[in-house]
Amino acid sequence: MWGFSPGFDLQEGVSEPRADSNQVDASTSSSEPLCVLVLSPGDIRHVLATIARSRRWKKRPLHIYLYEKSPECLARTLLLLQIVNDWEVPLRQRCNTFLEVFGNALVQGRTAEYIEEKAKQLVELVCNESGHLADVIDLSHLKMKSRDALVETFQSWHTNVPFNSERLRDQRLRHYYENRYDYRNNLVDWDYTQFKEWRNTGIAFEFGDQQYTAPNRTMASYTDAVKKGHGSVSCRGYWLDIVVGPYISFGVDCYRNTTEVAVFNVLSHLHEIETGDIYKMKKVGMTSTHWFCDQENVDARKRAQRIVESFEGVKVHTEVILLSGAAVDLAKKRRYQRRFHHVYVSVHATNLVTSPDVDAPMTTLLADDAKVSVESSVYGTRKNHFRRACLYSL
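So in the UniProt record's numbering, spot 388 of the sequence shown is number 388, and the numbers just go up one at a time.
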């Protein structure tokens with residue numbers, strides 16, 4: 001439920017830069033939409049970076065087709081977009097909440113209640129196509145079965161639904177380390193202290209003296225497991241990565257340690273979405289106490305009006321279309337053939353490149369002069385370690 005490469009702007013290499021990022025020249029705008037396909041990214045890092053930097057390019061409708069096989073991943077995508085779009089929450093608080101939900105196995109009690117509140121709003125989005133994201137998210141490409149799975153996932157995020165993430169994650173760690181479990185601290189002594197803390201507790205991002213005690217139910221998902229005497233069954237549990245960590249998506253392309261880097265990068269995206277300006281920070285200290293956005297000193301009404309105008313611009317020119325089902329079937333559908341100007345393929349979908357379908361290869365999705373980006377395994381782990389971290393038997 002997080003990616004293994006830094007987020008980047010999907011318009012890079014396929015769109016023309018705007019001469020002056022502070023001016024909009026209607027004569028240079030295009031009515032033809034730029035269509036981008038993102039295959040199994042694991043999170044919204046690329047979508048967030050693309051939306052945030054959309055004003056750097058010549059004005060053009062942007063259609064982002066986001067494919068995820070798992071309904072839990074799609075549900076988390078909608079939740080994180082909902083948090084980004086919740087402009088009534090102050091920018092820094094929204095940034096912290098985003099990272100807390102994104103990377104922590106345990107969250108604050110108030111965050112768990114916030115997740116439940118947003119989950120109810122997302123049910124309205126899926127069932128009635130109403131709410132903050134209704135003008136940005138297109139659900140028409142999802143089958144009713146996929147919509148029902150989304151609703152079921154949102155309902156599982158309510159605080160009265162049992163989910164012992166600490167116990168489930170500990171089981172994963174015991175299965176991964178086996179007889180080395182009691183010596184796991186020594187096994188990661190080459191890592192930074194912060195990474196070691198995440199390895200043991202699942203808490204990646206901490207802010208101030210906050211207490212993280214409530215389970216992050218958005219990390220619950222199903223996987224195929226083998227039960228003795230019953231064969232293959234679907235098992236609900238904590239099946240996220242326990243080796244690499246959630247720092248790669250937002251915590252690489254900058255400086256300082258990963259929490260500060262992630263805070264700065266997410267804050268930059270949120271600030272640029274709201275204002276259209278690149279975020280600049282005064283160098284006064286660490287993120288936990290002194291990092292601030294210049295907008296905090298702006299009159300609240302003017303700031304709110306500017307945010308509304310900014311989001312209206314995003315809604316008009318940007319659309320995120322959710323896709324699910326079997327990835328190999330996308331190339332078989334005529335509506336997607338020769339449609340995409342840029343296709344991003346994550347490590348989870350590289351089989352579409354290495355072992356293409358003979359009757360419907362991925363190349364049928366590409367428009368003329370299209371760009372294809374394939375995620376590498378630079379930040380990943382070795383295959384045998386990955387399999388041992390993910391496979392589980394009951």
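Each residue gets a CB set at the ideal place from its N, CA and C atoms; glycine is no exception.
It should be emphasised that the depicted structure is a prediction, and the values quoted were computed from it without experimental measurement.
* **Beta-bridge partners of residue 57, as assigned by DSSP** => Beta-bridge pairing links residue 57 to 17.
* Mind checking which residues open and close the alpha helix (DSSP H) that includes residue 212? => Annotation for residue 212: no alpha helix (DSSP H) segment contains it, and DSSP assigns it neither H nor E.
* Asked: Out of curiosity, what's the CA-to-CA distance linking residue 202 and residue 152?
  -> One C-alpha to the other measures close to 25 Å.
* Asked: Got a sec? Which residues, its chain only, sit under 6 Å from residue 239 by beta carbon, not counting five neighbours each side?
  -> If we look at residue 239 and ignore the five residues flanking it on each side, its Cβ neighbours are 221 and 223.
* Asked: alpha helix (DSSP H) containing residue 115: first to last residue?
  -> That run of the alpha helix (DSSP H) goes 109-128.
* Express the C-alpha separation of residue 169 and residue 277 in angstroms, rounding to a whole number. => Each residue's CA atom was taken as its position, placing residue 277 and residue 169 some 40 Å apart.
* **Close beta carbons around residue 214, own chain, < 6 Å, minus the five adjacent residues each side** => Answer for residue 214: 107, 109 and 112, listed in chain order.
* Asked: CB-CB under 6 Å to residue 121, same chain, minus the five flanking residues each way: which ones, in chain order?
  -> The answer, listed in chain order, is 131.
* Asked: Helix, strand or coil: how does DSSP classify residue 170 here?
  -> Reduced to three states, the DSSP call for residue 170 is helix.
* Asked: Is the stretch 152-163 close to the stretch 344-358, with three or more CB pairs under 8 Å?
  -> No contact exists between the stretch 152-163 and the stretch 344-358.
* Asked: Is the CB-CB distance between residue 98 and residue 266 below 8 Å?
  -> For residue 98 and residue 266, yes; Cβs fall inside 8 Å.
* CA-CA distance, residue 337 and residue 186? -> In this structure, the CA atom of residue 337 is about 52 Å from the CA atom of residue 186.
* Asked: Applying the criterion that 16 or more other CB atoms from any shown protein chain within 10 Å of the CB defines a buried residue, is residue 16 buried or exposed?
  -> For residue 16, the number of other beta carbons within 10 angstroms of its own is below 16, and it is reported as exposed.
* residue 321 - containing beta strand (DSSP E), residue span -> 318-323 is the extent of the beta strand (DSSP E) around residue 321.
* Run through DSSP, which three-state label would residue 11 get? -> Coil at residue 11, not helix or strand.
* For the stretch 68-83 and the stretch 167-184, state whether three or more C-beta atom pairs, one from each stretch, are separated by less than 8 Å. => With the cut-off at 8 Å, the stretch 68-83 and the stretch 167-184 do not touch.
* When you compare only the Cα positions, how much space is there between residue 296 and residue 32? -> With a pLDDT of only 49 at residue 296, under the threshold of 50, the placement of this residue in the model should not be trusted, and no figure is reported.
* Asked: Tell me which same chain residues have a C-beta within less than 6 Å of the C-beta of residue 76, skipping the five on either side of it?
  -> For residue 76, where only same-chain residues beyond five positions count, the Cβ hits under 6 Å are 1 and 218.
* Asked: Residues bridged to residue 345 by DSSP?
  -> DSSP lists 39 and 374 as partners of residue 345.
* To do: Could you spell out where the beta strand (DSSP E) holding residue 153 opens and where it closes?
  => Unbroken run through residue 153 is the alpha helix (DSSP H), 144-155; no beta strand (DSSP E).
* Coarse secondary structure for residue 62, derived from DSSP in three states -> Strand.
* Rounded to whole angstroms, what's the CA-CA distance from residue 291 to residue 231? Just pull it up for me. => Confidence is the limiting factor: at residue 291 the pLDDT is only 39, short of 50, which leaves the residue's position unreliable and the question unanswerable from this model.
* Roughly how many whole angstroms lie between the Cα atoms of residue 93 and residue 368? -> Residue 93 and residue 368 have their C-alpha atoms spaced approximately 43 Å apart.
* residue 71 and residue 119 closer than 8 Å at C-beta -> By the CB criterion at 8 Å, residue 71 and residue 119 fall outside the cutoff.
* Asked: DSSP on residue 181, reduced to helix/strand/coil?
  -> Of the three classes helix, strand and coil, the one that applies to residue 181 here is helix, per DSSP.
* **Whole-angstrom distance between residue 171 and residue 177, CA atom to CA atom** => One C-alpha to the other measures close to 10 Å.
* Candidates 216, 279 and 54: closest to residue 11 by CA position -> The candidate whose alpha carbon is nearest that of residue 11 is 54.
* Asked: Going by other Cβ atoms of all chains shown within 10 Å of its Cβ, with 16 needed for buried, is residue 199 buried or exposed?
  -> With 16 or more other Cβ atoms inside 10 Å of its own Cβ, residue 199 counts as buried.
* **Straight-line gap, residue 211 to residue 69 (C-alpha atoms, nearest Å)** => Cα-Cα distance, rounded: 33 Å.
* To do: Identify the continuous beta strand (DSSP E) that holds residue 159 and give its terminal residues.
  => Note, residue 159: premise wrong, no beta strand (DSSP E); not H, not E.
* Asked: So what does residue 340 bridge to, in DSSP terms?
  -> Partner residues in the beta bridge of residue 340, as assigned by DSSP, are 366.
* To do: Please state whether DSSP places residue 138 in a helix, a strand or coil.
  => For residue 138, the secondary structure class from DSSP, reduced to helix, strand or coil, is strand.
* To do: Look up residue 103 in the DSSP assignment and say whether it is helix, strand or coil.
  => If DSSP states are grouped into helix, strand and coil, residue 103 belongs with the helices.
* To do: Report the option in 56, 157, 142 and 340 whose CA atom is closest to the CA atom of residue 370.
  => Ranking 56, 157, 142 and 340 by Cα distance to residue 370 puts 340 first.
* **Contacts around residue 235, its chain only, beta-carbon distance under 7 Å, and the 5 residues preceding and following it disregarded** => 222, 223, 225 and 394.
* Asked: Would you report the Cα separation of residue 261 and residue 334, rounded to the nearest angstrom?
  -> Between the alpha carbons of residue 261 and residue 334 lies a gap of roughly 42 Å.
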